[in-house]
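These notes are about the structure you will find just below.
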Amino acid sequence: MWRHLPSTFPTMHLDGVSGVSFLSSVRASCRILRCNSDFVAATLDLGSSAGGGAGLSREAVNAGYCGALRSYSMCTKRMARACRGDLAYHSAVQGIEDLLIQHRCPRAGPTAQPRPLPQGTLSGDACLYERSVFSRERRRPEYLHCGVFGDPHVRTFNDDFHTCAVQGAWPLVDNEFLYIQATSSPTRAGSHATALTKVTVIFKSWRRCVDQQLYQAELDDIPAAFADGSVTSGEQRGHRSLTVRTQSPGRHAEIRADHIGALLVVRQSGRSLGLSVRAPRSIVEAFGPEQDLQLCVWGCPPSQRLSTPLSAGISLPVTFRLSASSSAVCLSCCVFGTNNNKPTDDETTQAS
Numbered sequence: 001m002w003r004h005l006p007s008t009f010p011t012m013h014l015d016g017v018s019g020v021s022f023l024s025s026v027r028a029s030c031r032i033l034r035c036n037s038d039f040v041a042a043t044l045d046l047g048s049s050a051g052g053g054a055g056l057s058r059e060a061v062n063a064g065y066c067g068a069l070r071s072y073s074m075c076t077k078r079m080a081r082a083c084r085g086d087l088a089y090h091s092a093v094q095g096i097e098d099l100l101i102q103h104r105c106p107r108a109g110p111t112a113q114p115r116p117l118p119q120g121t122l123s124g125d126a127c128l129y130e131r132s133v134f135s136r137e138r139r140r141p142e143y144l145h146c147g148v149f150g151d152p153h154v155r156t157f158n159d160d161f162h163t164c165a166v167q168g169a170w171p172l173v174d175n176e177f178l179y180i181q182a183t184s185s186p187t188r189a190g191s192h193a194t195a196l197t198k199v200t201v202i203f204k205s206w207r208r209c210v211d212q213q214l215y216q217a218e219l220d221d222i223p224a225a226f227a228d229g230s231v232t233s234g235e236q237r238g239h240r241s242l243t244v245r246t247q248s249p250g251r252h253a254e255i256r257a258d259h260i261g262a263l264l265v266v267r268q269s270g271r272s273l274g275l276s277v278r279a280p281r282s283i284v285e286a287f288g289p290e291q292d293l294q295l296c297v298w299g300c301p302p303s304q305r306l307s308t309p310l311s312a313g314i315s316l317p318v319t320f321r322l323s324a325s326s327s328a329v330c331l332s333c334c335v336f337g338t339n340n341n342k343p344t345d346d347e348t349t350q351a352s
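Its first residue numbered 1, the sequence shown is counted upward by one per residue in the UniProt record's numbering.
Below is the structure:
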């Protein structure tokens with residue numbers, strides 16, 4: 001149920017059939033995401049040479065991990081009243097208990113100290129991914145693209161095209177910087193046809209550029225704001241790392257994450273949502289072996305794939321159209337082109 005490595009905050013395993021969403025009831029008043037973020041920060045360097053963890057004994061690493069778990073537990077207790085009834089909160093509480101037992105952690109003992117922010121390590125462009133890459137390597141990043149819509153249909157970062165026989169919530173992207181989850185629901189009672197009805201995005205805390213931020217969109221409700229009501233986040237030197245804007249309130253949202261060079265577009269067409277993701281290759285590939293279920297990376301699990309007349313080598317940009325005669329629904333979802341250049345504002349407008 002819980003991943004052994006703390007490369008991301010602990011998440012509830014997504015069942016391959018029901019796809020239960022571990023984020024289905026996150027509320028702005030419940031700050032469990034802050035507890036998750038603090039736990040990740042406290043365990044980030046355990047076992048890594050960059051943080052000095054490589055020179056620690058196994059006992060020392062386990063002691064540090066136990067201290068982080070005790071701090072995590074204390075944080076959840078402080079959130080108990082505000083998070084009552086919240087699925088993510090109760091999953092975290094149970095997960096902490098499991099990990100305390102698994103690592104044989106004493107209930108009493110030292111807790112993790114707050115991880116200090118790095119001082120003097122961020123240049124002026126450190127929170128602007130594209131500029132930072134260019135200043136180091138004198139080149140622009142290589143961008144990859146993923147599109148998801150409808151039943152669901154998935155165009156992966158590798159330009160493969162899959163149709164998935166899935167219902168419920170499935171992770172599209174799960175790496176060190178970003179978590180994206182999509183939920184598919186039946187188009188009507190008793191039907192095997194599904195439509196994309198919910199998108200959940202978590203931008204994970206990174207350096208001093210941005211604190212963890214949550215965005216959720218549902219059918220007929222695509223907010224032009226994050227879950228806490230803000231439209232920007234992470235201001236450094238007058239520039240904001242995260243911004244949300246819209247061209248059609250309630251039916252379209254564009255999220256720019258300049259600190260990781262990513263662009264996400266959520267839109268509604270007919271009775272389905274569509275999601276387009278553009279991100280640098282280095283961001284897309286920043287995940288560990290335990291993050292082994294990502295539809296945008298590997299496509300649908302083999303057991304969940306449906307045959308499709310479209311070839312994997314489809315020429316893009318293209319508009320995919322899904323028509324269902326029984327419900328007279330026509331869905332158009334534009335996905336970004338395959339060139340490796342970041343889109344201009346005009347190109348983004350056309351693509352979305």
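From the three backbone atoms N, C-alpha and C, an ideal C-beta is built for every residue, glycine too. None of these values were measured; they are calculated from a predicted model.
Asked                                                                                                                : Found
Paired residues, beta bridge with E235 - DSSP                                                                        : R240
First and last residue of the uninterrupted alpha helix (DSSP H) at K77                                              : 58-78
Secondary structure of F134, DSSP reduced to three states                                                            : helix
Boundaries of the alpha helix (DSSP H) in which G95 is found, first to last residue                                  : 87-102
Beta-bridge pairing of Q212 - partner residues as DSSP gives them                                                    : Partner(s): none; Q212 has no beta bridge.
Reduced DSSP category for R155 - H, G, I as helix; E, B as strand; rest coil                                         : strand
D220 versus F226 - alpha carbon distance                                                                             : 16 Å
The stretch 252-264 / the stretch 235-243 touching (three or more Cβ pairs under 8 Å)                                : yes
A182 (DSSP reduced to helix, strand or coil)                                                                         : strand
C-alpha gap between F161 and V284, whole angstroms                                                                   : 18 Å
Anticipated Cβ contact below 8 Å, E218 with T197, distance rounded                                                   : 6 Å
Those residues which DSSP pairs with F161 across a bridge                                                            : R155
Candidates I32, A60, R31, V265, of which the one nearest T43 by Cα                                                   : A60
Pairwise C-alpha distance: L172 and P280                                                                             : 16 Å
Residues of its chain near M79, where Cβ-Cβ distance is below 7 Å and the 5 sequence neighbours each way are ignored : C30, R31, I32, C35, Y89
Residue of L214, Q247, R251, S248 minimising C-alpha distance to T232                                                : L214
Among S191, D292, P152, nearest to L275 - alpha-carbon criterion                                                     : P152
C-alpha gap between C300 and A165, whole angstroms                                                                   : 8 Å
Rounded distance between the beta-carbons of D38 and C83, thought under 8 Å                                          : 15 Å between Cβ atoms; not a contact.
Spatially closest choice to A286 from V93, K204, C127, by CA coordinates                                             : K204
Candidates V148, R278, G190, of which the one nearest L295 by Cα                                                     : V148
Length of the line joining the Cα atoms of R251 and L293                                                             : 28 Å
Where D220 sits in the DSSP three-state scheme                                                                       : coil
Residues sharing a beta bridge with S272, DSSP                                                                       : S269
Cβ-based burial, residue 434 [other Cβ within 10 Å; buried from 16]                                                  : Because residue 434 is not part of the residues shown, which for the chain are 1 to 352, the question remains open.
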